[in-house]
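Each remark here refers to the structure printed beneath this line.
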Amino acid sequence: MNFSKPQKLTIVSLVYWVLLLYMVAALAWWFIALENQNQAITLLRLQELKEGINTNRNSIQKIEALKERKTAQYIGEGVTFLVLILIGAVFVFRATRRQLRLSQQQQNFMMAITHELKTPIAITQLNLETLQKRQLGEETKQKLISNTLQEANRLNNLCNNVLFASQLDTGVYAAAEQHLHFTDIAESCVDDFRSRFPQRIVQESIEQDVYINGEPLLIQLLISNLIENANKYSPKEKPLHVTLSQNGTSIKLDVADEGLGIADHEKKKIFDKFYRIGNENTRRAKGTGLGLYLCYKIAEKHHASIEVRDNIPSGSIFTVIFRKA
Ligand code: ADP
Numbered sequence: 127m128n129f130s131k132p133q134k135l136t137i138v139s140l141v142y143w144v145l146l147l148y149m150v151a152a153l154a155w156w157f158i159a160l161e162n163q164n165q166a167i168t169l170l171r172l173q174e175l176k177e178g179i180n181t182n183r184n185s186i187q188k189i190e191a192l193k194e195r196k197t198a199q200y201i202g203e204g205v206t207f208l209v210l211i212l213i214g215a216v217f218v219f220r221a222t223r224r225q226l227r228l229s230q231q232q233q234n235f236m237m238a239i240t241h242e243l244k245t246p247i248a249i250t251q252l253n254l255e256t257l258q259k260r261q262l263g264e265e266t267k268q269k270l271i272s273n274t275l276q277e278a279n280r281l282n283n284l285c286n287n288v289l290f291a292s293q294l295d296t297g298v299y300a301a302a303e304q305h306l307h308f309t310d311i312a313e314s315c316v317d318d319f320r321s322r323f324p325q326r327i328v329q330e331s332i333e334q335d336v337y338i339n340g341e342p343l344l345i346q347l348l349i350s351n352l353i354e355n356a357n358k359y360s361p362k363e364k365p366l367h368v369t370l371s372q373n374g375t376s377i378k379l380d381v382a383d384e385g386l387g388i389a390d391h392e393k394k395k396i397f398d399k400f401y402r403i404g405n406e407n408t409r410r411a412k413g414t415g416l417g418l419y420l421c422y423k424i425a426e427k428h429h430a431s432i433e434v435r436d437n438i439p440s441g442s443i444f445t446v447i448f449r450k451a
């Protein structure tokens with residue numbers, strides 16, 4: 127018999143609850159049976175006492191005390207088992223739920239990435255064919271070329287995200303830490319973004335002569351992912367803000383936008399692998415749910431912290447804080 131995924135889920139949940147209920151019922155049954163046995167033994171002993179078979183002076187008290195000790199022992203053991211069963215059940219439930227969510231997100235990721243790979247290829251193909259077949263004015267030609275370059279760049283970013291995420295995950299990425307001119311990297315990320323999105327306003331406040339120890343490719347990826355997201359998730363006419371500053375002990379990078387912002391209960395989840403806010407069918411922004419996960423991993427690798435808070439009056443501010451070497 128072939129079950130669909132939701133059917134399988136219902137069956138697994140049903141089996142889980144039936145098993146859990148059975149275990150708790152068995153435990154209760156075990157307790158009742160032992161307690162009955164305890165009662166019967168006590169009655170038997172009292173009977174023996176009455177018939178003069180066993181006549182110690184404290185026998186009645188002893189028999190009663192023994193009965194109570196046994197009851198206390200059964201309750202103690204029962205409660206311990208119940209607590210263990212419930213801890214196990216919660217653990218299994220949470221692990222299964224996490225696993226199901228991850229598998230759903232992985233499936234979404236596969237769909238998203240197929241789409242993300244195909245779109246730039248199709249656009250590039252179409253642009254090149256148009257350039258080849260038609261006599262176009264210089265301006266249109268330049269437009270098509272810059273559009274093609276933008277798509278190639280998007281493809282490159284996507285490949286980098288997938289590649290580095292898997293390498294950082296498995297620990298095979300051999301980071302070559304260097305003394306870096308952070309100011310230069312941040313400025314070149316902003317310049318690169320401006321050349322691809324000339325119509326977008328980026329307000330930058332990048333402090334001069336900021337240095338860190340790090341891996342240049344990863345730092346660049348971190349900054350560009352945050353800028354790309356700010357661009358993707360806020361209206362085109364609103365400015366983006368990139369700020370780099372330092373004090374005696376730390377270096378702070380802020381990337382802010384004036385978009386819709388992120389609800390409080392999503393602020394932690396967005397750094398999870400493949401996590402994307404909202405519904406797959408209604409979401410319009412392109413993406414794979416890897417960008418912020420990668421930012422988190424890169425920050426971790428550099429002993430930095432990354433967090434998001436609300437921008438005022440609207441939007442989000444992503445802040446990465448590096449400790450100074
Ligand atoms: P994606 O490929 O979907 O952009 P990310 O890991 O970069 O994946 O981001 C995860 C999710 O966090 C996004 O799907 C989006 O819903 C949300 N998000 C990220 N950056 C912003 C932002 N600047 N403003 C609002 N939401 C954001």
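Residue numbers (the numbering used here): 127 to 451.
For glycine and all other residues, C-beta sits at the position ideal for the given N, C-alpha and C.
Being a predicted model, the structure only gives us computed values, none of them experimental.
Excluding the five sequence neighbours on either side, which residues of its own chain have a C-beta within less than 7 Å of the C-beta of residue i, listed in chain order?
i	result
Lys232	For clarity, residue 232 is Gln in the given sequence; the question names Lys instead. If we look at Gln232 and ignore the five residues flanking it on each side, its Cβ neighbours are Phe400.
Phe157	Tyr200 and Gly204
Tyr422	Phe397 and Ile432
Lys70	Residue coverage of the chain in this structure runs from 127 to 451, which leaves residue 70 outside it and unanswerable.
Glu330	Val316 and Val368
Asn253	Leu270, Asn273 and Thr274
Could you tell me whether the Cβ atoms of residue i and residue j are closer together than 8 Å?
i	j	result
Ala382	Ala411	no
Gly417	Glu354	yes
Arg402	Gly415	yes
Ile345	Val368	no
Leu170	Ser185	no
Leu370	Phe308	yes
Leu146	Ala215	yes
Asn164	Lys134	no
Leu153	Phe207	yes
Ile137	Thr168	no
Lys450	Ser376	yes
Val150	Ile211	yes
Arg326	Leu366	yes
Thr337	Leu306	Note on identity: in this sequence residue 337 is Tyr, with Thr being the wrong assignment. Yes, these two residues count as a Cβ contact at 8 Å.
Gly441	Glu363	no
Thr250	Thr274	yes
Gly387	Asn437	yes
Opposite residue i in the DSSP bridges: which residues?
i	result
Gln372	Ile377
Asn437	According to DSSP, which records beta bridges pairwise, Asn437 is partnered with nothing at all.
Val446	Leu379 and Ile432
Short of 8 Å in beta carbon distance, which residues of its chain neighbour residue i, apart from the five on each side in sequence? Order them along the chain.
i	result
Leu420	Asn287, Phe290, Ala291, Leu294, Leu347, Leu348 and Asn351
Leu262	Thr256 and Leu270
Gln235	Per the sequence presented here, residue 235 reads as Phe, with Gln not at that position. Counting only Cβ-Cβ distances below 8 Å, and skipping sequence neighbours, we find Phe400, Thr414, Gly415 and Leu416.
Leu243	Leu281 and Leu284
Glu303	Asn339, Gly340 and Glu341
Leu226	Leu135
Glu392	Ile403
Thr245	Glu277 and Lys412
Leu228	Lys399 and Phe400
Lys267	Leu257
Leu172	Ile186 and Ile189
Gln372	Glu333, Val336, Lys378 and Lys450
Thinking residue i and residue j are a contact (beta carbons under 8 Å), I'd like their distance in whole angstroms, please.
i	j	result
Asn279	Arg322	6 Å
Ala430	Phe448	4 Å
Lys427	Ala312	Wrong, their Cβ atoms sit about 18 Å apart, outside the cutoff.
Val298	Val316	That belief does not hold up - the Cβ atoms of Val298 and Val316 are roughly 31 Å apart, past 8 Å.
Determine, using beta carbons only, whether residue i comes closer than 8 Å to chain C.
i	result
Leu343	No chain C is part of this structure, which consists of one protein chain only.
Using a Cβ-Cβ cutoff of less than 6 Å, which residues in the same chain neighbour residue i once the five nearest sequence positions on both sides are dropped?
i	result
Ala238	Thr414
Gln187	none
Lys358	Ala411
Val446	Leu379, Ala425, Ala430 and Ile432
Ser130	none
Which runs of the beta strand (DSSP E) spanning at least 3 residues fall entirely within the stretch 304-386, listed in chain order?
-> 304-307, 328-332, 337-340, 366-372 and 376-382
Could you give the uninterrupted runs of the alpha helix (DSSP H) lying entirely in the stretch 239-287, keeping only those of 4 residues or more?
-> If we require 4 residues or more, the stretch 239-287 turns out to have no alpha helix (DSSP H) run fully inside it.
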